[in-house]
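Working notes, beginning with the structure itself.
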Amino acid sequence: MTYKAQLDELRLRLRTVARLPEMISDDLAGGLDEATIDRVLEQAGRFAEEVLAPLNRPGDEIGVSLKDGQVTSAPGWVEAYERWCDAGWMSLGHATDIGGQGLPQVVASAVSEIWNSACLSFSLGHVLTQGAVEALTRVASPELQRTYVEKMLSGRWTGTMNLTEPQAGSDLALLRTRAVPRGDGSCRVFGTKCFISYGEHDLTENIVHLVLARLPDAPEGTRGISMLLVPKFLVNPDGTLGPRNDVRCTGLEQKLGIHASPTCVMTYGEKEGAVGWLVGDAHKGLAAMFIMMNRARLEVGVQGVAIAERATQQALAYANERRQGKSAKSQLALIAEHPDVRRTLLSMQALTAAARSICLATARAIDLSERAKDDRTRAAAANRLALLTPIAKAFSTDIGVEVASLGVQVHGGTGYMEPTGAAQHYRDARILPIYEGTNGIQAIDLVTRKLPIDGGAAVVAHLAELAATARAAAAINDPRFGSMGERLTETVELLGRATAWMAERLQAGETERALAGATPYLRLYGLAAGGCLLADGAIATRSEPIGPRAIALARHFADSHATAGKGLLDAITSGGDTLLAADSSLFAG
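All residue numbers for the sequence shown refer to the working numbering, where the first residue is 45 and numbers rise by one.
What follows is the structure, given as structure tokens:
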């Protein structure tokens with residue numbers, strides 16, 4: 045199935061959710077105008093369609109290989125990456141003072157969705173590099189920045205995030221990797237990391253690993269974690285590459301999906317120890333890591349949107365080719381004419397658009413937190429960013445899996461067969477709710493860390509905005525809106541009640557009860573936020589040619605998905621009672 049970049053949909057959401065014209069008029073877009081940004085999107089779409097999308101299916105079928113510590117990519121991968129670097133795509137959203145192009149994050153996020161829709165496995169590598177650049181420019185020494193950042197922004201060197209170890213998983217307090225100071229400002233690193241995306245590959249001449257480890261005097265737990273920069277090849281004073289460092293890929297994970305993305309077991313210090321340098325202060329590595337992690341969480345949310353978009357495009361194409369059964373229009377109907385298939389296709393589009401909108405709203409918060417001209421706006425945007433990040437990551441990746449699964453369903457039995465490609469989207473999507481902190485961890489983060497921000501003022505302000513949108517939709521005298529506004533008003537009210545309940549539990553010290561309802565709470569938040577953002581688009585475009593589509597998606601989302609709010613509130617406030625009262629034998633292996 046041929047991929048087509050989703051430019052019209054991105055333009056709509058950039059205008060109505062990210063409020064890009066407003067950013068341009070407020071001089072928050074780096075001096076760019078809408079025409080220039082549109083050309084960027086068009087060029088990204090063309091590159092994705094012509095260069096990246098053709099790699100997706102062969103990459104899944106062929107995958108990567110490991111021999112003597114060297115990973116070989118699928119055919120065409122190296123050439124495509126060289127073209128991608130030559131076009132300057134890596135530096136799109138980074139600040140000009142470090143060598144980036146300075147485009148707003150909302151634009152970089154839209155372009156990232158295009159890359160990931162075309163070929164998720166290809167795009168994983170640059171996401172990690174961008175996060176590594178962000179961490180280095182925030183906390184690394186000037187010398188490390190001078191040596192590494194420019195090459196990484198060019199894409200000629202890539203970056204990784206080395207957190208997980210076989211015995212630790214998400215519990216970073218259990219990390220065992222050691223960093224031994226040498227007395228010259230460097231350390232020797234010893235340990236093994238697993239699940240390292242693009243830990244080894246043949247796309248670039250050097251790979252820059254950011255590694256969490258413990259110094260000899262490290263306190264116990266997460267307070268004793270440091271971050272170190274460990275390159276594949278050491279770098280000479282003149283910037284040329286020196287000898288190979290003592291770090292090797294010693295295994296490739298055998299995965300359900302993203303076969304063309306090398307997920308590596310990395311071994312540090314098989315011989316004398318891998319040479320590395322502290323990034324930031326000793327024992328402060330967790331804070332440095334979260335600089336990478338928080339940006340990566342949004343990017344993984346965008347990947348969920350991207351795979352949902354790709355699955356939706358394929359399902360729509362198939363449903364308008366496959367004929368089966370009778371309909372009101374035909375004796376041998378296109379399956380797109382059958383009510384249940386139409387419901388499925390409309391749900392796929394609405395869910396994808398809602399997740400896209402949440403991610404773009406989060407990217408807008410990044411831009412305002414960094415570019416707004418007054419301290420109050422920047423601070424409020426930083427709070428909004430913190431609040432939305434776990435929702436963008438978890439809700440959008442859950443949607444990616446759900447929509448990809450619906451895509452298989454639209455294909456029927458053939459969707460379960462690999463040749464259609466529908467199964468690949470489902471397999472590829474399934475890692476996303478696990479990456480960068482599982483979605484259960486995102487729910488815990490939302491409830492315990494993000495709701496209390498600024499004494500709860502951040503969430504109160506956001507709920508007020510959502511409620512205002514719902515009321516505005518309800519006030520519109522347009523039969524195409526149906527009960528959209530009333531449905532969303534109810535969903536936001538239910539979210540408000542759930543939020544108050546969560547606050548009461550936390551204040552009463554009933555943390556376990558709050559955590560038992562955290563996952564349905566995040567889902568409810570995503571439904572309310574996604575529904576209201578779609579309503580914003582419907583309101584803004586109701587007199588435009590794109591209006592009927594925007595209204596239809598917003599109305600379907602409100603009528604068929606936001607209505608789950610009632611059940612979710614019950615699950616939040618009382619479902620945990622059953623969970624906590626359950627006999628421990630039910631959880632025994």
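From the three backbone atoms N, C-alpha and C, an ideal C-beta is built for every residue, glycine too. Source: prediction; values computed, not measured.
Short CB-CB distance (under 9 Å) between residue i and chain D
i: residue 214; result: Of the protein chains in the structure, only one exists, and it is not chain D.
Endpoints, the alpha helix (DSSP H) within which residue i is located
i: residue 54; result: 51–60
i: residue 111; result: Taken as a continuous stretch (DSSP letters only), residue 111 belongs to no alpha helix (DSSP H), being part of the beta strand (DSSP E) at 109–111.
i: residue 270; result: Per DSSP, residue 270 belongs to no alpha helix (DSSP H); it is in the beta strand (DSSP E), 270–275.
i: residue 536; result: 528–551
i: residue 432; result: 419–455
i: residue 580; result: 562–585
i: residue 163; result: Unbroken run through residue 163: none, as it is neither H nor E.
i: residue 483; result: 483–489
i: residue 592; result: 591–604
i: residue 471; result: 466–473
i: residue 82; result: 78–91
i: residue 94; result: From DSSP, residue 94 is part of no alpha helix (DSSP H); its letter is neither H nor E.
i: residue 617; result: Per DSSP, residue 617 belongs to no alpha helix (DSSP H) and is neither H nor E.
i: residue 384; result: 383–415
i: residue 67; result: 64–69
i: residue 138; result: It is not in any alpha helix (DSSP H) - residue 138 carries neither H nor E in the DSSP assignment.
i: residue 133; result: Where residue 133 is concerned, there is no enclosing alpha helix (DSSP H), given that its DSSP letter is neither H nor E.
i: residue 505; result: 501–519
Residue nearest to residue i in terms of C-alpha spacing, selected from the options
i: residue 306; options: 184, 117, 361 and 147; result: 117
i: residue 323; options: 258, 521, 350 and 286; result: 258
i: residue 232; options: 251, 207 and 260; result: 260
i: residue 204; options: 457, 250 and 162; result: 250
i: residue 329; options: 560, 540, 176 and 592; result: 176
i: residue 72; options: 149, 581, 46 and 275; result: 149
i: residue 509; options: 522, 532, 95 and 381; result: 532
i: residue 572; options: 398, 520, 406 and 211; result: 398
i: residue 363; options: 384, 266 and 278; result: 384
i: residue 269; options: 331, 318 and 319; result: 331
i: residue 111; options: 263, 225, 61 and 293; result: 293
i: residue 74; options: 137, 630 and 487; result: 137
i: residue 611; options: 598, 561, 578 and 630; result: 561
i: residue 125; options: 159, 101 and 230; result: 159
i: residue 412; options: 58, 425 and 494; result: 425
i: residue 155; options: 128, 178 and 180; result: 128
i: residue 62; options: 282, 113, 151 and 511; result: 151
i: residue 438; options: 570, 64, 586 and 633; result: 570
i: residue 101; options: 354, 70, 274 and 504; result: 354
i: residue 315; options: 289, 334, 252 and 219; result: 289
i: residue 609; options: 551, 631, 538 and 418; result: 538
i: residue 406; options: 370, 372, 420 and 345; result: 345
Run of the beta strand (DSSP E) containing residue i, from where it starts to where it stops
i: residue 225; result: 222–225
i: residue 217; result: From DSSP, residue 217 is part of no beta strand (DSSP E); its letter is neither H nor E.
Residue i vs residue j beta-carbon contact at 9 Å
i: residue 167; j: residue 347; result: yes
i: residue 291; j: residue 272; result: no
i: residue 475; j: residue 301; result: yes
i: residue 535; j: residue 602; result: yes
i: residue 404; j: residue 628; result: no
i: residue 392; j: residue 454; result: yes
i: residue 140; j: residue 146; result: yes
i: residue 67; j: residue 415; result: yes
i: residue 516; j: residue 529; result: yes
i: residue 113; j: residue 234; result: no
i: residue 377; j: residue 368; result: yes
i: residue 65; j: residue 57; result: no
Opposing strand residues paired with residue i [DSSP bridges]
i: residue 206; result: 255
i: residue 308; result: 240 and 296
i: residue 318; result: 233
i: residue 323; result: DSSP output for residue 323 lists no bridge partner at all.
i: residue 279; result: 285
i: residue 250; result: 201
i: residue 116; result: 109
i: residue 291; result: 312
i: residue 367; result: 378
- Query: Would you call the stretch 195–210 and the stretch 451–466 in contact, with 3 or more CB pairs under 8 Å?
  - Reply: no
- Would you call the stretch 333–350 and the stretch 431–447 in contact, with 3 or more CB pairs under 8 Å? yes
- Cβ pair count under 8 Å reaching 3, the stretch 240–251 against the stretch 175–190: no
- Item | Segment contact flag, the stretch 441–458 with the stretch 98–112, C-beta cutoff 8 Å, min 3 pairs | no
- Message: Under 8 Å: do the stretch 610–623 and the stretch 585–592 share three or more Cβ pairs, one atom per stretch?
- Response: no
- Task: State whether the stretch 45–52 contacts the stretch 78–97, with contact taken as three or more CB pairs (one from each stretch) at a distance under 8 Å.
- Result: yes
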